[in-house]
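S.K.: My questions all concern the structure below.
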Amino acid sequence: MIRRAVLCCCALALLVASGVQAHDFWIDPSSFRPAPGQRVLVRLRVGQKFKGDPVPRDPSLLRRFSVFSGMKGGAAGGETPIPGVAGAEPAGFATVSAPGLNLITYASGRSAVELDGAKFNTYLADEGLETIAAQRTRKGQSAAPAKEVFSRYAKSFLAVGGAGGPGYDRVLGLTLELVPEKDPTALAPLPGTELPVRLLYLGKPLAGALVAAFTRDQPDARVTARTDAAGRARLRLDHPGVWLVKAVHMIPAPAESGADWESFWASLTFETVKSS
């Protein structure tokens, strides 16, 4: 038991270190279309281009890790905490009993990283955070290292019994939250197919943020859009598959954090319908 605990701690430390270079974080369930009553392994992943390392369950970081069923009309449905074993992978297990759309969500506490100036500037460019880069330039800090604290807010949609349903636009009150305005599990992507999404920060529309989407089998075919004044963006999803949608928001960090910047990471994962 002691040896296992040591190994888990080492794995977590390595994941934190790798997270410096690979911030994307998502939920990777064992099935996006499970049968009613099926037990779903709920894996957490961190990486790039939809290729990631497993993230073991870390109770010190967990703020919310639940599955929602009975998503009808966005009304109050059952929220059930996802059980699991500390330090274990997969991070949890969910039994989905209600047919139709079910939703898994994860929210973390803060983690801290420090990057040298060049790597931080590249990261800002990759995530569409030009306003932060401009602030650093104005302050003469472009070459300076940056201390950052970050938190993660992930959602994953399951079409239990093979079908989605209402409730896809339910707002869960996450600090940074991507909210689809169509059922993503019911999309059958063809050229011109679009998924409208809203991006909310502290419950309010976030304008000017970069939203990106890509599939597991074609991660380099990235689709991007900027949110408008209402926090809305339209993503052209032109091929079927398992999709990851992501967005990042960054602000100056509060003094008590000991960091320069604070970032919030939102993601959605889902599987579309195969085109006929």
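Position in the sequence shown counted from 1, then plus 17, gives you my numbering.
We put the beta carbon where it would ideally sit given N, CA and C, even for glycine.
#1: With Leu-301 as the anchor, note down where its alpha helix (DSSP H) starts and where it stops.
#2: Assuming the contact rule is C-beta atoms closer than 8 angstroms, Ala-111 and Val-84 should be a hit. Round their C-beta distance to whole Å, please.
#3: If I follow the unbroken alpha helix (DSSP H) through Gln-152, where does it start and stop?
#4: Between which two residues does the beta strand (DSSP E) carrying Pro-71 extend?
#5: On the DSSP letters alone, give me the boundaries of the beta strand (DSSP E) that Leu-227 sits inside.
#6: Which same chain residues end up closer than 8 angstroms to Val-188 when comparing Cβ atoms and leaving out the 5 residues on each side of it in sequence?
#7: Based on the DSSP output, what are the partners of Pro-46 in its beta bridges?
#8: Considering only residues of the same chain and omitting the five flanking positions on each side of Val-177, which have a CB-CB separation below 7 angstroms?
#9: Check whether the Cβ of Ser-86 lies closer than 7 angstroms to any heavy atom of the ligand GTP, and answer yes or no.
#10: Which same chain residues, not among the five before or five after Arg-169, have their C-beta less than 6 angstroms away from its C-beta?
#11: What are the partner residues of Leu-219, as DSSP defines its beta bridges?
#12: Quick check: the Cα distance between Thr-139 and Ser-280, rounded to an integer number of angstroms?
#13: From Lys-156 to Gly-181, what does the alpha carbon distance come to, in whole angstroms?
#14: Can you tell me whether DSSP reads Ala-283 as helix, strand or coil?
#15: Kindly list the residues whose CB is nearer than 7 angstroms to the CB of Ala-276, restricted to its own chain and excluding five residues on each side of it in sequence; keep chain order.
#16: Thinking C-beta only, is Arg-62 closer than 8 angstroms to Pro-71?
#17: Could you please give the first and the last residue of the uninterrupted beta strand (DSSP E) stretch that includes Arg-253?
#18: On the three-state DSSP scale, how would you describe Pro-269?
#19: Which residues share a DSSP beta bridge with Ile-121?
#20: Can you name, in chain order, every residue of its own chain whose Cβ lies under 8 angstroms from the Cβ of Thr-210, other than the five neighbours on each side?
#21: Please report the residue range of the beta strand (DSSP E) in which Glu-96 lies.
#22: How big is the Cα-Cα spacing for Thr-224 and Ala-246?
M.R.: Reading it off the structure:
#1: Beyond the ends of the chain as shown, which are 18 and 293, falls residue 301; an answer cannot be given.
#2: To locate residue 111, count along the sequence shown from 1; it is residue 94. To locate residue 84, count along the sequence shown from 1; it is residue 67. Confirmed, Cβ separation roughly 4 angstroms.
#3: Taking the sequence shown and counting its residues from 1, the one referred to as residue 152 is at position 135. Gln-152 -> alpha helix (DSSP H) spans 147 to 155.
#4: Taking the first residue of the sequence shown as position 1, residue 71 is located at position 54. From DSSP, the beta strand (DSSP E) with Pro-71 extends over 68 to 71.
#5: Indexing the sequence shown from 1 puts residue 227 at position 210. Here the beta strand (DSSP E) through Leu-227 covers 227 to 232.
#6: Taking the first residue of the sequence shown as 1, we reach residue 188 at position 171. Cβ within range, chain order: Gly-91, Glu-194, Val-196, Leu-217 and Gly-220.
#7: Counting from 1 along the sequence shown, the entry for residue 46 is found at position 29. According to DSSP, Pro-46 bridges with Val-59.
#8: Within the sequence shown, numbered from 1, the residue matching residue 177 stands at position 160. Cβ neighbours of Val-177 beyond the five flanking positions: Pro-51, Pro-53, Val-113, Ala-115, Pro-116, Gly-117 and Asn-119.
#9: The ligand content of the structure shown is nil, which means the ligand GTP is not present either.
#10: By one-based count along the sequence shown, residue 169 stands at place 152. These residues qualify, in order along the chain: Phe-42, Ser-125 and Trp-282.
#11: As a working mapping, residue 219 is identified with position 202 in the sequence shown. Paired residue(s): none; Leu-219 is not in a bridge.
#12: Numbered from 1 along the sequence shown, position 122 holds the residue referred to as residue 139. Numbered from 1 along the sequence shown, position 263 holds the residue referred to as residue 280. The alpha-carbon atoms of Thr-139 and Ser-280 are separated by roughly 15 angstroms.
#13: Here residue 156 is taken as the residue at index 139 of the sequence shown, counted from 1. Here residue 181 is taken as the residue at index 164 of the sequence shown, counted from 1. Distance between the alpha carbons of Lys-156 and Gly-181: 49 angstroms.
#14: Along the sequence shown, read from residue 1 onward, the residue named residue 283 stands at position 266. Correct three-state label for Ala-283: strand.
#15: For the purposes of this step, residue 276 is identified with residue 259 of the sequence shown, where counting begins at 1. So the qualifying residues of the chain are Ala-129, Lys-164, Glu-165, Val-166 and Ala-270.
#16: In the sequence shown, counting from the first residue as 1, residue 71 sits at position 54. In the sequence shown, counting from the first residue as 1, residue 62 sits at position 45. Cβ atoms of Pro-71 and Arg-62: closer than 8 angstroms.
#17: Looking up residue 253 in the sequence shown gives position 236. First-last of the beta strand (DSSP E) with Arg-253: 249 to 253.
#18: Here residue 269 refers to the residue found at position 252 when the sequence shown is read from its first residue. It is a strand residue.
#19: If you number the sequence shown from 1, residue 121 lands on position 104. Looking at the DSSP assignment, Ile-121 forms a beta bridge with Val-84 and Ser-173.
#20: The count along the sequence shown starts at 1 and reaches residue 210 at position 193. Excluding positions up to five away in sequence, the list reads Leu-204, Arg-253, Leu-254 and Asp-255.
#21: Here the question's residue 96 lines up with position 79 in the sequence shown. Taken as a continuous stretch (DSSP letters only), the beta strand (DSSP E) holding Glu-96 covers 95 to 98.
#22: As a first step, residue 224 must be located in the sequence shown, where it is residue number 207. As a first step, residue 246 must be located in the sequence shown, where it is residue number 229. In the sequence as displayed, the identity of residue 224 is Ala instead of Thr. Distance between the alpha carbons of Ala-224 and Ala-246: 5 angstroms.
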